[in-house]
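Taken in order, these protein sequences are the chains called W and X.
Its first residue numbered 896, the first sequence is counted upward by one per residue in my numbering.
Its first residue numbered 13, the second sequence is counted upward by one per residue in my numbering.
Even glycine gets a Cβ: it sits at the ideal position worked out from N, Cα and C.
Predicted model only: the values in this text are computed from it and were never measured.
Report on one structure; see the data block that follows.
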Amino acid sequence: MHSCHDHNHENHHHHCHDLNGPVIEIKDMFFAYGDKHILQNLNLQVKHGENICVIGPNGGGKTTLLKLLLGFLRPASGTVKIFGTAAHHTCDQIGYVPQHVKLNKNFPITVKEVVLMGCHLHSIFSRHKKACHDQAQEAMEFMRIGDLGQQQFNSLSGGQRQRVLIARAIASHPALLLLDEPTANVDPSSAEDFRELINKLKGQATVLTVSHDISFITGDIDRAFVVNRSLQDLSAADIQEDKLMTYYRGGPQ
Amino acid sequence: MMDLFKELLPNGFLFWPFLAGLVGSFSFGVVGSYVYVRKLSYVATAIGHSSIAGIGITYFIQEKTGLLMHPFVGGAFFTILMALFIGFCTLRNEEKGDSVISSTMVVSMALGLILLHMAQNVKTLSTTAIFFGDIMFVSKEDVIVILWVNALVLFCGVLFYNKLKMVCFDEEYARLRGVNSAFYYYLLLSIISLSVIAMTIIVGIVLVIALMTLPAVTAALLSKRLWHCMVWASLICLLSVTLGFVCSISWDIPTGPCIVLISSALYIFVHFITNLLRKKESY
């Protein structure tokens, strides 16, 4: 994997503007569905190469935060910037891993096809170039599913499906990787594997993981946050399971 | 008996409707597969029923202004408008989408029936023919219109294959990759409308969705990839139409229901066989 800058140069991507400033910058951000306040007064700055984990109880606003970062939702007030640009101006430097259970299980599609979706489509005919196939294969090998290319996506186990989705997200060498509950509905050995693989991306990509799985927060995480309406920074001392549990349950805030 | 089958060949009196059915099979294979993977069969049903309003409006305008318009051309135009409205409502409010779809369907049927009644003098299709299909109404002219409509549907369905596949598989991811998923959703609804209109005359509005989805569901059992599913669905649809015509002639029973029953029989058959093979494999 190469850095965002190299990649940017190579493929003439134009959406990302400032790759040297903070990767994620959230300032005084509020979000509400109607009169229901979901997120209040959020501030967050993530530097290049950081490995961040956001945990929080269900209904605390984790998914909303992710959708704001992806630009699918817009803040009521304040700003959400990715590489210095408002998040809703799609930035093709973002890799995103949704939860595999959200996808249609009956879709006839091969693993390779899913991973190829991670490559950029340029022409209107949207044929994939050879470079795309190479990138896809590389990503699949990184996720240890290199030989599953011709398998049907829906015939795989939960853990393998999640591997495919991570491969899709990293195929285009994104500078920012967002993961939504990567260990949910996944067997424990795969979950362990994911942590290891995501750590391997360190230095190449900024990684933000949203999870309700506290065990995801290990020594390899640079910073951790609890999101429950507002955002709470967890210092290194807090990154211990017993203390995390109190935060997780809505404890000292 | 053999004399009857000759009617399916050129110069036979069933040649044009049969040809229309065969041509329609290809767009049904393609569009039906999209409908299946995007879980749009309910929306497609609503669009199918809305086409009554589409055809009604066309005849009504013809009655009032004397403007000559082929019922399929006008029907397609107004049905697309209905489909876009349904699409707009479902995108705006997913939770209420369900009831919006039902009401649009019923209201447009009511409107269509009134307009059809008011256009007694000009209408060339009976209300029963629109509802249940009537192959006796199909002319060479209709087949030419159907041919064009299908060409357009296939063109869109094939040209935008990769993007439509992406939007159908994972809409969020497609959006992130800069694919305008709303546009492709509307495009999909439009080509559903077009292909429904083209097939309505053969099987009728009530049954048309069965013929669109059943072959695709069957094909999905046999396919690893979306385009395989489209090819299989087209072939299964083609087979259903052919057998449907043959049975309908042999036993002198309505063609539309015959085609639909055969496509469901094919589904049961394929489902049974694939299940059997899978069990054998696992032993």
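{"Check": "So who's on the other strand from Gln-1047 (chain W), going by DSSP bridges?", "Outcome": "W:Thr-1005"}
{"Check": "Over what stretch of residues does the beta strand (DSSP E) that includes Glu-19 (chain X) continue unbroken?", "Outcome": "Neither: Glu-19 (chain X) is in no beta strand (DSSP E) and is coded neither H nor E."}
{"Check": "Counting along the chain, where does the beta strand (DSSP E) carrying Asn-938 (chain W) start and finish?", "Outcome": "931 to 941"}
{"Check": "If we ignore side chains and look at the alpha-carbon of each, how far apart do Phe-978 (chain W) and Val-918 (chain W) end up?", "Outcome": "5 Å"}
{"Check": "Which same chain residues end up closer than 6 Å to Gly-990 (chain W) when comparing Cβ atoms and leaving out the 5 residues on each side of it in sequence?", "Outcome": "Ala-1064, Ile-1065, Pro-1069 and Leu-1072"}
{"Check": "Between Gly-1098 (chain W) and the rest of its own chain, which residues show a CB-CB distance below 8 Å, the 5 nearest in sequence each way excluded?", "Outcome": "Gly-944"}
{"Check": "With a cut-off of 9 Å, does the C-beta of Leu-238 (chain X) fall near any C-beta of chain W?", "Outcome": "yes"}
{"Check": "For the beta strand (DSSP E) holding Ser-1106 (chain W), just list the boundary residues, first then last.", "Outcome": "1101 to 1106"}
{"Check": "Is the CB of Tyr-928 (chain W) under 9 Å away from at least one CB in chain X?", "Outcome": "no"}
{"Check": "Looking at C-beta atoms only, is the number of pairs between the stretch 155 to 163 of chain X and the stretch 52 to 63 of chain X that lie closer than 8 Å three or more?", "Outcome": "no"}
{"Check": "I think Leu-16 (chain X) touches Ile-261 (chain X), with their Cβ atoms under 8 Å apart; what is that distance to the nearest whole Å?", "Outcome": "5 Å"}
{"Check": "Helix or strand or just coil, what does DSSP make of Thr-136 (chain X)?", "Outcome": "coil"}
{"Check": "Any C-beta of chain X sitting closer than 9 Å to the C-beta of Glu-1008 (chain W)?", "Outcome": "yes"}
{"Check": "Going by DSSP, what residues sit across from Ile-271 (chain X) in a beta bridge?", "Outcome": "Per DSSP, none; premise fails for Ile-271 (chain X)."}
{"Check": "Relative to the alpha-carbon of Glu-1091 (chain W), which residue among W:Ser-1052, W:Arg-1058, W:Phe-967 and W:Ser-972 has its alpha-carbon at the smallest distance?", "Outcome": "W:Arg-1058"}
{"Check": "Please tell me whether Glu-905 (chain W) has its Cβ less than 9 Å away from any Cβ of chain X.", "Outcome": "Residue placement at Glu-905 (chain W) cannot be trusted, given a pLDDT of 37 that sits under 50; what the coordinates show is reported in the next sentence. Not an interface residue."}
{"Check": "Take the Cβ of Leu-939 (chain W) as the centre, count every other Cβ of all protein chains shown within 10 Å, and call the residue buried at 16 or more, exposed below.", "Outcome": "buried"}
{"Check": "Within 10 Å of its beta-carbon, does Val-253 (chain X) have 16 or more other beta-carbons around it, so buried, or fewer, so exposed?", "Outcome": "buried"}
{"Check": "Could you list which residues in chain X have their beta carbon closer than 9 Å to that of Ile-989 (chain W), in chain order?", "Outcome": "Leu-188"}
{"Check": "Let me make sure I understand the geometry here. Which of X:Ala-245, X:Leu-255, X:Leu-234 and X:Val-258 has the alpha-carbon closest to that of Phe-284 (chain X)?", "Outcome": "X:Leu-234"}
{"Check": "Any idea if Asn-953 (chain W) is buried or exposed, counting beta-carbon neighbours within 10 angstroms, 16 or more meaning buried?", "Outcome": "exposed"}
{"Check": "So which residues of chain X does Thr-958 (chain W) contact, with C-beta pairs closer than 8 Å?", "Outcome": "Those do not exist, as Thr-958 (chain W) stays about 11 Å from chain X at its closest Cβ, beyond 8 Å."}
{"Check": "Which word fits Tyr-48 (chain X), buried or exposed, when buried means at least 16 other C-beta atoms lie within 10 angstroms of its C-beta?", "Outcome": "buried"}
{"Check": "Just the chain W side, please: which residues come within less than 9 Å of Phe-195 (chain X) by C-beta, in chain order?", "Outcome": "Per Cβ cutoff of 9 Å: no residues; Phe-195 (chain X) is ~13 Å from chain W at best."}
{"Check": "Using a C-beta to C-beta distance shorter than 7 Å, which residues of chain B count as neighbours of Lys-51 (chain X)?", "Outcome": "No chain B appears in the structure shown, which is made up of the protein chains W and X."}
{"Check": "Give the interface partners of Ser-115 (chain X) over in chain W, defined as CB-CB distance under 8 Å, in chain order.", "Outcome": "Simply none; closest approach about 23 Å."}
{"Check": "For a quick check, are the C-beta atoms of Pro-227 (chain X) and Ser-275 (chain X) less than 9 Å apart?", "Outcome": "yes"}
{"Check": "Return helix, strand or coil for Met-924 (chain W), following the three-state DSSP convention.", "Outcome": "strand"}
{"Check": "Compare the C-beta of Thr-1005 (chain W) with all C-beta atoms of chain X and state if any pair is closer than 9 Å.", "Outcome": "yes"}
{"Check": "Touch check for the stretch 1006 to 1016 of chain W and the stretch 1044 to 1051 of chain W: three-plus C-beta pairs under 8 Å?", "Outcome": "yes"}
{"Check": "Quick one: list the residues of chain X neighbouring Met-1012 (chain W), beta-carbon separation under 9 Å, in chain order.", "Outcome": "Asn-174, Lys-177, Met-178, Phe-181, Asp-182, Tyr-185, Ala-186 and Arg-189"}
{"Check": "Considering only their Cβ atoms, is the gap separating Cys-259 (chain X) from Ser-45 (chain X) smaller than 9 Å?", "Outcome": "no"}
{"Check": "Label His-995 (chain W) either buried or exposed according to how many other C-beta atoms from any shown protein chain fall within 10 Å of its C-beta, with 16 as the threshold for buried.", "Outcome": "buried"}
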